[in-house]
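To start, the structure under review is shown below, and the notes come after it.
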Amino acid sequence: MSTLVTFGETMLRLSPTAGDRIETATQLDFRTAGAESNVAIAASNLGCEATWASKLPDSPLGRRVTREVRSHGVETHVAWTDEARQGAYYIEQGSQPRSTDVIYDRADAAITTATPADLTDGLEFERADAVYTSGITPALSDQLEETTETLLERANAAGVTTVFDLNYRSKLWSPAEAKACCTSLLETVDIPIIAARDARTVLKQTGSDEEIAREIAEAYDAEVIIITQGEDGALALEAGDGDGDDGILYDQPAYPAETVDAIGTGDSFVGGFLARYLEGDERNVERALAYGSATAALKRTLEGDLAVVTPEEVEAVIDDADGGIAR
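Set out below in structure tokens:
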């Protein structure tokens, strides 16, 4: 079985019932969410052996996070501390014309002090098939920027497939700050995953999505470049050998879905892609891209950040099976 290690922050997700507002709510739905654990959970549910590494407060809130992550079959590798707090975010789901609002409460979270040793001591980090993190992680603190760089370099040097989703968050840093950090990190990344809008906002790319993928392929030594396109789907460029070989471009439309909750869709795509891409020795980009897109579509039908789906459901979406009642 393929093994995936992810590292990063997982927060508590608190949300009022649909149609209610945070300032007037009398009850909140209580879940956990974080890009890296979301990816690990999606991949685990689809048959990939996944481990999530992080740093948490040794408190009921920190233990709540690990309990939920483990409940989805993901191993947890946690550095516990008594000197920091658990991050959280509040989400108020919008409905036209009112937009969805997210309020973060993550200052001084335990993860912001995580060192490379915190996240890897006792973990067979260099023996994984792939290591994943996102641009959210280095954005949280100077210490995490250093830790992220160190761990990606170590994984790359060990021959582990490194995967990095730029995942730009304007509430964490400016485009210029993100560009300075992420362009450096991309030097050691085998599979960069970049939303088309982030390529334009952060990397200042101006061409078509295909041109963006090819420019990234020229700039960095990546094996697969993925450009996500929101409701339009995603494309992937399997890099060529550079000797007149421009690589192979795959274009994957999004599968239709009735959206219940869009938060976590991108992470579900990544988890689905990696679960299929890392399976066996073939590393089939085209099939993995379809798997990621189908996983993302299924996630949109679910409340919360997590893709609680089965391989059979993903295959059914790909095969264009009837999405009504399963008999």
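Following full-length UniProt numbering, the numbering of the sequence shown begins with 1 at its first residue and continues without gaps.
Cβ atoms here follow ideal geometry from the backbone N, Cα and C, with glycine treated the same way.
Next item on the list: Would you kindly report the start and end of the unbroken alpha helix (DSSP H) that includes residue 95?
Entry: Here residue 95 corresponds to residue number 95 of the sequence shown, with the count starting at 1. Run containing residue 95: none; DSSP gives neither H nor E here.
Check: If we count the other Cβ atoms within 10 Å of its Cβ and call it buried at 16 or more, is residue 325 buried or exposed?
Finding: Walking along the sequence shown from the start, residue 325 turns up at place 325. Unreliable positioning characterises residue 325 in this predicted model, as indicated by a pLDDT of 44, which lies under 50. A coordinate reading is not provided.
Next item on the list: Compare the beta carbon distance of residue 54 and residue 136 with 8 Å and say whether it is the shorter of the two.
Entry: Translated into the one-based positions of the sequence shown, residue 54 becomes position 54. Translated into the one-based positions of the sequence shown, residue 136 becomes position 136. Not closer than 8 Å, so no.
Notebook entry, point to check: How long is the line joining the alpha carbons of residue 122 and residue 77, rounded to whole angstroms?
Noted result: Residue mapping note: residue 122 aligns to position 122 of the sequence shown, counting from 1. Residue mapping note: residue 77 aligns to position 77 of the sequence shown, counting from 1. Straight through space, the alpha carbons of residue 77 and residue 122 are spaced by roughly 8 Å.
Next item on the list: Kindly indicate which residue of 138, 149, 155 has the alpha-carbon position closest to the one of residue 130.
Entry: By one-based count along the sequence shown, residue 130 stands at place 130. Minimum Cα distance to residue 130 is reached at 155.
Check: Exposed or buried, residue 261, counting other C-beta atoms within 10 Å across all chains shown (16 or more means buried)?
Finding: As a first step, residue 261 must be located in the sequence shown, where it is residue number 261. Residue 261 is buried by the Cβ-count criterion.
Item checked: alpha helix (DSSP H) segment containing residue 117, residue limits -> Indexing the sequence shown from 1 puts residue 117 at position 117. Unbroken alpha helix (DSSP H) run through residue 117: 116-120.
Margin query: Within a Cβ cutoff of 8 Å, which residues of the same chain sit near residue 66, ignoring the five residues on either side of it in sequence?
Written below: Along the sequence shown, read from residue 1 onward, the residue named residue 66 stands at position 66. For residue 66, where only same-chain residues beyond five positions count, the Cβ hits under 8 Å are 56, 76, 78.
Checklist line | residue 103, buried or exposed, once every other Cβ within 10 Å from all chains shown has been counted against 16 | finding: Taking the first residue of the sequence shown as 1, we reach residue 103 at position 103. By the neighbour-count rule (16 or more Cβ atoms within 10 Å), residue 103 is not buried but exposed.
Next item on the list: Have a look at residue 314 and residue 11 and give me their C-alpha separation to the nearest angstrom.
Entry: Position 314 of the sequence shown, counted from the start, is the residue given in the question as residue 314. Position 11 of the sequence shown, counted from the start, is the residue given in the question as residue 11. If you take the alpha carbons of residue 314 and residue 11, they lie about 27 Å apart.
Next item on the list: Find out if the Cβ-Cβ distance for the pair residue 5, residue 41 is shorter than 8 Å.
Entry: Locating residue 5 in the sequence shown gives position 5, where the first residue counts as 1. Locating residue 41 in the sequence shown gives position 41, where the first residue counts as 1. No, Cβ-Cβ distance for residue 5 and residue 41 is not below 8 Å.
Check: When the distance is taken between beta carbons, is residue 293 closer than 8 Å to residue 233?
Finding: Mapped onto the sequence shown, residue 233 falls at position 233. Mapped onto the sequence shown, residue 293 falls at position 293. Yes, they are a contact pair.
Checklist line | Collapsed DSSP secondary structure at residue 317 in the structure displayed | finding: Here the question's residue 317 lines up with position 317 in the sequence shown. Residue state, collapsed to three classes: helix.
Check: Can you name the residues that DSSP bridges to residue 14?
Finding: Here residue 14 refers to the residue found at position 14 of the sequence shown. For residue 14, which the question treats as bridged, DSSP gives the partners 30, 90.
Next item on the list: Kindly list the residues whose CB is nearer than 8 Å to the CB of residue 344, restricted to its own chain and excluding five residues on each side of it in sequence; keep chain order.
Entry: Any property of residue 344 remains undetermined from this structure, which presents the chain solely from 1 to 327.
Next item on the list: For residue 7, count neighbouring C-beta atoms within 10 Å of its own C-beta (all shown protein chains included) and say buried if the count is 16 or more, exposed if not.
Entry: Locating residue 7 in the sequence shown gives position 7, where the first residue counts as 1. Under this definition residue 7 is a buried residue.
Next item on the list: Jot down the residue ranges of each uninterrupted alpha helix (DSSP H) in the region 234-297, minimum 4 residues, whole runs only, in chain order.
Entry: 265-277
Item checked: Length of the line joining the Cα atoms of residue 162 and residue 224 -> Against the sequence shown, residue 162 aligns to sequence position 162. Against the sequence shown, residue 224 aligns to sequence position 224. In a straight line, the C-alpha of residue 162 is about 11 Å away from that of residue 224.
Note to self: One question on the structure: do residue 275 and residue 43 come within less than 8 Å of each other, judged by their Cβ atoms?
What the structure shows: Residue mapping note: residue 275 aligns to position 275 of the sequence shown, counting from 1. Residue mapping note: residue 43 aligns to position 43 of the sequence shown, counting from 1. Their beta carbons are under 8 Å apart, which means residue 275 touches residue 43 by this criterion.
Next item on the list: Evaluate residue 125 with the Cβ neighbour count: other Cβ atoms within 10 Å of its Cβ, from every protein chain shown; 16 or more gives buried, anything less gives exposed.
Entry: The residue given as residue 125 occupies position 125 in the sequence shown. Buried is the label assigned to residue 125, since at least 16 other Cβ atoms lie within 10 Å of its Cβ.
Notebook entry, point to check: Run through DSSP, which three-state label would residue 2 get?
Noted result: For the purposes of this step, residue 2 is identified with residue 2 of the sequence shown, where counting begins at 1. Looking at residue 2 - three-state DSSP - the assignment turns out to be coil, as it is neither helix nor strand.
Notebook entry, point to check: Where does the unbroken beta strand (DSSP E) through residue 171 begin, and where does it stop?
Noted result: Numbered from its first residue, the sequence shown carries residue 171 at position 171. No beta strand (DSSP E) contains residue 171, which DSSP labels as neither H nor E.
Check: Who are the Cβ neighbours of residue 143 in its own chain at under 8 Å, not counting the five residues just before and after it?
Finding: On the sequence shown, residue 143 is found 143 positions in, with the first residue counted as 1. Excluding residues up to 5 positions away in sequence, 112, 113, 114, 115 lie with their Cβ nearer than 8 Å to the Cβ of residue 143 in the same chain.
Note to self: For a test of the three-state rule: what should DSSP assign to residue 112, helix, strand or coil?
What the structure shows: Looking up residue 112 in the sequence shown gives position 112. If DSSP states are grouped into helix, strand and coil, residue 112 belongs with the helices.
Item checked: Runs of alpha helix (DSSP H) lying entirely within the region 28-69, each at least 4 residues, in chain order -> 35-45
Next item on the list: Report all residues from its chain with a CB closer than 7 Å to the CB of residue 301; omit the five preceding and five following residues, and keep chain order.
Entry: Within the sequence shown, residue 301 is the residue found at index 301, counting from 1. Only 257, 258, 260 meet the Cβ criterion.
Notebook entry, point to check: What are the partner residues of residue 134, as DSSP defines its beta bridges?
Noted result: Counting from 1 along the sequence shown, the entry for residue 134 is found at position 134. In the DSSP output, where bridge partners are listed per residue, residue 134 has 165.
Notebook entry, point to check: Among the residues of its own chain, which have a CB less than 7 Å from the CB of residue 145, if the five just before and after it don't count?
Noted result: The sequence position of residue 145 within the sequence shown is 145, counting from 1. In the same chain as residue 145, and ignoring 5 residues on each side of it, the C-beta atoms closer than 7 Å to its own belong to 138, 181, in chain order.
Checklist line | In DSSP terms, what residue 75 is bridged to | finding: To locate residue 75, count along the sequence shown from 1; it is residue 75. According to DSSP, residue 75 bridges with 51.
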